[in-house]
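The structure under discussion appears below in the form of structure tokens.
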Amino acid sequence: MVRITKEMAEKRLADVSDDFIFRCYDGQPLKNLRELGSAFANMESEVFVHHVTSEKNDFNNWVRDIIGDAKLAKDLGKSMNSQQAAQAVSARIAFLESKLA
Numbered sequence: 001m002v003r004i005t006k007e008m009a010e011k012r013l014a015d016v017s018d019d020f021i022f023r024c025y026d027g028q029p030l031k032n033l034r035e036l037g038s039a040f041a042n043m044e045s046e047v048f049v050h051h052v053t054s055e056k057n058d059f060n061n062w063v064r065d066i067i068g069d070a071k072l073a074k075d076l077g078k079s080m081n082s083q084q085a086a087q088a089v090s091a092r093i094a095f096l097e098s099k100l101a
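Each residue of the sequence shown is one higher than the last, beginning at 1 in this note's numbering.
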């Protein structure tokens, strides 16, 4: 298990560079975890199922490979809908923010 430092939490909560912005099926750009959580909270099911199927999970991949958060990526991999994904992101943001104090 990786111990999350203040610097790691800051990096995971920060905006990604323009080259790595996630573009949702509906055109919405996402550049950080807060935007991802907000997007999940308001996401139409057709957008979610475009990115999450039995063969792929674009959100999981982006969080793991670009944000660098394997724990959240694993939790997103278990999320069956946007509400569960929103809860996972919200909980992870709260945890990361607790490391900034």
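Heads up, the beta-carbon is just placed ideally off N, CA and C, and yes, glycines get one too.
Counting the other Cβ atoms within 10 Å of the Cβ of F48 gives 16 or more, which makes it buried.
Judged by DSSP secondary structure, E55 falls outside any alpha helix (DSSP H); it is assigned neither H nor E. In this structure the stretch 21-31 does not lie against the stretch 5-12, because fewer than three pairs of beta carbons, one per stretch, are closer than 8 Å. Taken through DSSP and simplified to helix, strand or coil, R64 comes out as helix. Counting of Cβ neighbours within 10 angstroms places V2 among the exposed residues, the total staying below 16.
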